[in-house]
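Student:
Number of protein chains: 2
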Amino acid sequence: MSPMTPARPVPLPEGPQLGLRERKKIKTRMAIREATYALIKEQGYDATTIEQIAERAEVSPSTVFRYFPTKEDIVLTDEYDPLMLEELRARPATESWLDSVRYVLHRSMDALLAEDPEAVRVRAHLAVQIPAVRARMIESMSATGLLLRGAIAERHGLDADSLEVRVYAMSLVGGLMEANITWAENDCQDELRDLVDRALDVIEHGLPAKNT
Amino acid sequence: MSPMTPARPVPLPEGPQLGLRERKKIKTRMAIREATYALIKEQGYDATTIEQIAERAEVSPSTVFRYFPTKEDIVLTDEYDPLMLEELRARPATESWLDSVRYVLHRSMDALLAEDPEAVRVRAHLAVQIPAVRARMIESMSATGLLLRGAIAERHGLDADSLEVRVYAMSLVGGLMEANITWAENDCQDELRDLVDRALDVIEHGLPAKNT
DNA sequence: CCATGAAATGAGAGTAGCTCTCAAAAGATA
DNA sequence: TATCTTTTGAGAGCTACTCTCATTTCATGG
């Protein structure tokens, strides 16, 4: 889900049966992303302009905008929600809903952190520090909520467009997002896994009994 | 809370003991807002430029930006979260938490809809149609969540910065927001009050048993 | 009522994200 | 190789937003 799974460069999907054109596109996309991450690391987000990104990626500014609608999207675009959704749907119907969510989240977090932990952290920090990035990230929350609705409705035998399902999806996604932000604010020192588990507990059972 | 209480022009807080300067400032603020609403009604959001707004409000573009940091803020700024927070804190501790929330939300919705129903609807529609506005609105959600955390922590005897309280606040605010969006997508035909009630039920008890 | 200080305003220049158009370049197809 | 399609680059243009500085407008004490 978006709040938990920010973008990463696609691991070059199947090689040879793709035409030269498609392969080039993927390369360009990655080049732009990598240039962006590098520049942000050197100078910060705001100081990094599209022109600089284009230059380092060796494409024209126009091309940058063709690949990414906004500057924030270069950092954030997430292509994995649909995959997670499938995994969710594939979980046995006997499993409790939130357990399914927990399982799938664990799997994707592990995968992401194993593959490119640096990028995950950079993204998390940007989401905390740069309002525009955070805004865009939260926006993608809505999209994630929309996807989730299908799976939730299926599991619970409800209508995906009913207010109840909508509210439930959004409240789930909001809670998970906050866990992610907390993690970033703490400099990614805690185990994201644990934070997510605690978040799911709160969503399932409400607040715990008093203790400091 | 932000998702439910978009901005409205302040009802000219106390008159005479304010200096001429302060009174002028309030007037300018209102003039800018009203010009904006009028222009948006005539031409839509995107077609309305800051220059036009400035012209109709009879101020310079610089002044517009002095009063509102972004174009979206002209439409959305909400000064009422703190008030609702106080009301929340003032509810008896014996009342269940979500009942308090329900009560305060009811009161502010009634007040807002009574005072300027048109503006509330325009804002709701913009939040659905214009990505930038929605983004900004969702952003303010985080701020609202932050405020809420204090009240929640107080009531439940927990730490306001604990992950649990943070997650709970965000999940509450996310759910309420979705109710508001649903309302706007339905052209504000349903009773917002009812939607909010149903949303709170979902947040409290989870999804209802099967029915279509 | 006037002089002095402080705050608000307007004018203008500048930056950068983003859009659009059009012609040139590169890949696909036969 | 020739043709058709897709992708790219160049450049102009728009607008939100920032900064600076001179001017105006209000506040205050004598």
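As they're listed, the protein sequences go chains X and R.
Under my numbering, think of the first position of the first sequence as 1, with each following residue one higher.
Under my numbering, think of the first position of the second sequence as 213, with each following residue one higher.
We put the CB at the ideal spot given by N, CA and C, even for glycine.
#1: What are the residues of the region 387-404 of chain R that lie near chain X, defined by any Cβ-Cβ distance shorter than 7 Å?
#2: Hey, is residue 242 of chain R's beta-carbon within less than 8 Å of any beta-carbon in chain X?
#3: Under a three-way DSSP split, which group does residue 363 of chain R fall into?
#4: Jot down the residue ranges of each uninterrupted alpha helix (DSSP H) in the region 117-191 of chain X, minimum 4 residues, whole runs only, in chain order.
#5: Would you kindly check if the distance between the Cβ of residue 185 of chain X and the Cβ of residue 128 of chain X is under 8 Å?
#6: Closer than 8 Å between beta carbons: that is the criterion. Which residues of the region 74-89 of chain X meet it against chain R?
#7: Any residues in the region 310-344 of chain R with a beta carbon nearer than 9 Å to a beta carbon of chain X? Which ones, in chain order?
#8: Output yes if chain X places a C-beta closer than 8 Å to the C-beta of residue 363 of chain R; else output no.
#9: Please compile the residues from chain R whose C-beta is within a distance smaller than 8 Å of the C-beta of residue 198 of chain X.
#10: Between the Cα of residue 257 of chain R and those of R:232, R:343, R:386, spot the shortest distance and give me the residue it belongs to.
#11: Any idea what DSSP makes of residue 300 of chain R, helix, strand or coil?
#12: Quick one: residues in its chain with C-beta nearer than 6 Å to the C-beta of residue 11 of chain X, no 5 flanking neighbours on either side, listed in chain order?
#13: Would you please verify whether the beta carbon of residue 420 of chain R is less than 8 Å from any beta carbon of chain X?
#14: Taking residue 320 of chain R as part of the alpha helix (DSSP H), name the residues at either end of that continuous run.
#15: Per the contact definition of three or more C-beta pairs closer than 8 Å, is the region 347-366 of chain R in contact with the region 297-311 of chain R?
#16: For the alpha helix (DSSP H) that contains residue 37 of chain X, what are its first and last residues?
#17: What span of residues does the alpha helix (DSSP H) with residue 17 of chain X cover, start to end?
#18: So what's residue 62 of chain X in DSSP terms, helix, strand or just coil?
#19: What's the gap between the Cα of residue 208 of chain X and the Cα of residue 376 of chain R?
#20: Which residue comes first and which comes last in the alpha helix (DSSP H) that contains residue 73 of chain X?
#21: Answer with yes or no whether the minimum CB distance from residue 135 of chain X to chain R is below 8 Å.
#22: Can you name the residues of chain X whose CB is closer than 8 Å to the CB of residue 351 of chain R?
#23: Between the beta-carbon of residue 350 of chain R and the beta-carbon of residue 321 of chain R, is there less than 8 Å?
#24: Given a cut-off of 8 Å, decide if residue 76 of chain X and residue 123 of chain X are closer than it, judged by their beta-carbon atoms.
#25: For residue 284 of chain R and residue 278 of chain R, what's the separation of their Cα atoms in angstroms?
#26: Going by DSSP in three states, residue 81 of chain X sits in which element: helix, strand or coil?
#27: Name, going along the chain, the residues of the region 256-278 of chain R whose beta-carbon falls closer than 8 Å to a beta-carbon of chain X.
#28: Determine the closest residue to residue 102 of chain X out of X:193, X:143, X:205, with distance taken between C-alpha atoms.
#29: So, helix, strand or coil for residue 47 of chain X, using DSSP?
#30: Can at least three beta-carbon pairs, one atom from the region 27-39 of chain X and one from the region 52-65 of chain X, be found at a separation below 8 Å?
#31: Just to confirm, does residue 395 of chain R get its C-beta within under 7 Å of one of the non-hydrogen atoms of the ligand HEM?
#32: DSSP state of residue 207 of chain X, grouped into three classes?
#33: I'd like to know whether the C-beta atoms of residue 415 of chain R and residue 167 of chain X end up nearer to each other than 8 Å.
#34: Of all the CB atoms in chain R, is at least one closer than 8 Å to the CB of residue 26 of chain X?
Tutor: Working from what's here:
#1: 387, 389, 390, 391, 394
#2: no
#3: helix
#4: 117-129, 131-156, 163-185
#5: yes
#6: none
#7: 343, 344
#8: no
#9: 375, 376, 379
#10: R:343
#11: helix
#12: Residue confidence for residue 11 of chain X is low, a pLDDT of 46 falling below 50, so the modelled location carries little weight; the figure read from the coordinates is stated next. Once the five neighbours on either side are set aside, residue 11 of chain X has no close Cβ partner at all.
#13: yes
#14: 309-327
#15: yes
#16: 20-43
#17: Segment: none, residue 17 of chain X is in no alpha helix (DSSP H) and carries neither H nor E.
#18: helix
#19: 8 Å
#20: 71-76
#21: yes
#22: 131, 134, 135, 138
#23: no
#24: yes
#25: 14 Å
#26: helix
#27: none
#28: X:193
#29: coil
#30: yes
#31: Although the ligand HEM was asked about, the structure shown includes no ligands whatsoever.
#32: coil
#33: yes
#34: no
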